[in-house]
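Protein chains in written order, with my numbering: chain Y, 65 to 290; chain G, 65 to 290.
Below is one structure, written out as structure tokens, with a few remarks after it.
There are 2 protein chains.
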Amino acid sequence: MHRTKIKVVEGVLDANDTIAAVNRADLDRAGVVAVNLMSAPGAGKTSLLERTVTALPGVRVGVLEGDVQGTADADRVAALHVPVTQLNTDPGFGGECHLDANMVRSALPSLPLEQLDLLIIENVGNLVCPAEFRVGEHLRVMVSAITEGEDKPLKYPLMFRACELVLINKIDLLEHLDFDLDRFLYHLDAVHPGVERMLVSARTGEGLDAWCDWLATRSSHVEAPA
Amino acid sequence: MHRTKIKVVEGVLDANDTIAAVNRADLDRAGVVAVNLMSAPGAGKTSLLERTVTALPGVRVGVLEGDVQGTADADRVAALHVPVTQLNTDPGFGGECHLDANMVRSALPSLPLEQLDLLIIENVGNLVCPAEFRVGEHLRVMVSAITEGEDKPLKYPLMFRACELVLINKIDLLEHLDFDLDRFLYHLDAVHPGVERMLVSARTGEGLDAWCDWLATRSSHVEAPA
Chain Y
65 MHRTKIKVVE GVLDANDTIA AVNRADLDRA GVVAVNLMSA PGAGKTSLLE
115 RTVTALPGVR VGVLEGDVQG TADADRVAAL HVPVTQLNTD PGFGGECHLD
165 ANMVRSALPS LPLEQLDLLI IENVGNLVCP AEFRVGEHLR VMVSAITEGE
215 DKPLKYPLMF RACELVLINK IDLLEHLDFD LDRFLYHLDA VHPGVERMLV
265 SARTGEGLDA WCDWLATRSS HVEAPA
Chain G
65 MHRTKIKVVE GVLDANDTIA AVNRADLDRA GVVAVNLMSA PGAGKTSLLE
115 RTVTALPGVR VGVLEGDVQG TADADRVAAL HVPVTQLNTD PGFGGECHLD
165 ANMVRSALPS LPLEQLDLLI IENVGNLVCP AEFRVGEHLR VMVSAITEGE
215 DKPLKYPLMF RACELVLINK IDLLEHLDFD LDRFLYHLDA VHPGVERMLV
265 SARTGEGLDA WCDWLATRSS HVEAPA
């Protein structure tokens, strides 16, 4: 006698992860590598982007700008003649402090994905919640400005763990601060041992060649969906 | 003929506001003025506190340190022999990016309120959500470091509107940055016209006398509950 075998499926994915996977599949189909760029307010994400989007020869770049309110950052990027969409978390979502997969879902149709190789998603400036929400990106990069102090990896460990690369920005100010770079790196390795890191200055351009190489290499190696 | 008049009460307060009012009543009963100190990560709240708590003669100060994780800031303040409680939003609350009234409620019994005149509540470093949650405080002060750029009032308007005083910190770095102070002040007045502001440096001590006077004046004028 045979008993019908009943399939049991566990609902292990939450809604955000489900939508992130759908975003990721759309990006993969279009051959676009997406980078989720995160930092505290004022760490220099947009200044880095201004230097980056025009310094990637042969890579077609688009930008998704996440902000609570306003289009200031999108305006700065659009001035460089790059496809850009501003995604505000204020009116439709209640002033969220981070992007989530569903917000990005609503913004993707406004970008010409078929004409892009790389999409940089600039998250809302915040060191807590953005690290908790995947949006469909392939890579996560965080910017930590040395003006914020050496203790930030210890105080916001999830953010420093949730990224493949840490850009240590405003390095041009090192001589004017009491910032102890070795101490910062020690804290960084304590929460995310060996994570790739680069010393950069969006102001002077120091270190940006390595960052642009990193991006260019990865945006030509998009993987097909499994 | 008389009809019984039925009282209709609207449930206009959310739970957070209700608990904030209870916290406030406890603080008032104990004669303690509470200041909710908010900023982005690394703006210098703790460094300001280190300079402040020992510079208020005759004012008995306590500190409530809000952080996602760790006791680094509480350790720094405790070294100054001031009553301090560390309130972590990570284990019990799921890694919240802000303090709310209920978290502060759970921390209040650990502080010797009857022996304090002033309680400084250092919020989690974040320019979005802390502005949305009253915790029972009398005054809200935010710290904006000039290293964060001139555009922050426009990008995080609720935070800049939700405070009685803006401390513009790291002013000692002005000559080393491209920061345009007039432009920052213009943006500040655009979102919160005329809000009180002070230029300070937690590093050099510049401007801290005015800040300490501001605190000392207010902590001797606690009002009884209505």
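C-beta: ideal position from N, C-alpha, C; glycine also.
- Residues of chain G whose Cβ lies closer than 9 Å to the Cβ of Y/Y250 do not exist; the shortest such Cβ separation is about 14 Å.
- Excluding its 5 nearest sequence neighbours in each direction, G/L113 has C-beta neighbours in its own chain below 7 Å: V127, V141, I184 and E186, listed in chain order.
- By the criterion of a C-beta distance shorter than 7 Å, G/Q179 is surrounded in its chain by R124, once the five residues flanking it on both sides are discounted.
- Within the same chain, and ignoring the five residues on either side of Y/D90 in sequence, the residues whose Cβ sits closer than 8 Å to its Cβ are L172, L177 and G200.
- The beta carbon of G/P105 is closer than 7 Å to those of G189 in its chain, skipping five residues each way along the sequence.
- According to the DSSP secondary-structure assignment, G/G130 is paired through a beta bridge with G/L151.
- Residue range V97 to S103 is occupied by the beta strand (DSSP E) that includes G/L101.
- Under the DSSP definition of a beta bridge, G/A209 partners with G/N233.
- Straight-line spacing of the CA atoms in G/R204 and G/A226 works out to 7 Å.
- Taken through DSSP and simplified to helix, strand or coil, Y/L180 comes out as coil.
- Classified as buried, Y/H251 has 16 or more neighbouring CB atoms from the shown chains inside 10 Å of its CB.
- In the displayed model, Y/R267 falls within coil according to three-state DSSP, outside both helix and strand.
- Around Y/T68, no beta-carbon contact reaches into chain G at under 9 Å, the shortest distance being about 41 Å.
- When only Cα atoms are considered, G/D154 and G/L241 end up about 35 Å apart.
- If you check the CB distance, G/C193 and Y/C276 do not come in under 7 Å.
- Here Y/E196 carries a helix assignment [DSSP, helix/strand/coil].
- Ranked by Cα distance from G/A254, the first of G/L238, G/Y220, G/G122 and G/Q133 is G/Y220.
- The C-beta separation of Y/V259 from Y/I232 comes to about 11 Å, leaving the pair out of contact by the 8 Å criterion.
- If you check the CB distance, Y/G108 and Y/A209 come in under 7 Å.
- Among the residues of the segment 192-211 of chain G, those with a Cβ less than 8 Å away from any Cβ of chain Y are V192, C193, E196, A209 and T211, in the order of the chain.
- Shown here for Y/R247: same chain residues with a beta carbon closer than 8 Å to its own, the five before and five after excluded, namely E214 in chain order.
- Rounded to the nearest whole angstrom, the CA to CA distance from G/V207 to G/L279 is 14 Å.
- Around the beta-carbon of G/R198, 16 or more other beta-carbon atoms lie within 10 Å, marking it buried.
- Here the C-alpha atom of G/L222 lies approximately 12 Å from the C-alpha atom of G/E228.
- Contact between Y/T211 and Y/L237 holds: their C-beta atoms lie close to 6 Å from each other, under 8 Å.
- The residue among Y/V117, Y/D81, Y/T110 and Y/A266 with its C-alpha nearest the C-alpha of Y/A165 is Y/D81.
- Annotation: G/I70 to G/G95 spans about 38 Å, alpha carbon to alpha carbon.
- By the Cβ neighbour-count rule, Y/S283 is buried, with 16 or more other Cβ atoms within 10 Å of its own.
- Within the DSSP secondary-structure output, Y/L203 pairs in a beta bridge with Y/V99.
- Rounded to the nearest angstrom, the gap between the Cα atoms of G/D78 and G/I235 is 39 Å.
- For the C-beta of G/D215, the chain Y residues within less than 7 Å are, from N- to C-terminus, A136.
- Taking a beta-carbon distance threshold of 7 Å, G/C161 counts as an interface residue toward chain Y.
- Apart from sequence neighbours up to five positions away, the residues of its chain that approach Y/D137 with a beta-carbon distance below 7 Å are T110, E129, D131 and E186, ordered along the chain.
- In the three-state DSSP reduction, Y/E186 falls in the strand class (E or B).
- Put simply, the CB of G/D131 is near chain Y, with a gap under 7 Å to one of its CB atoms.
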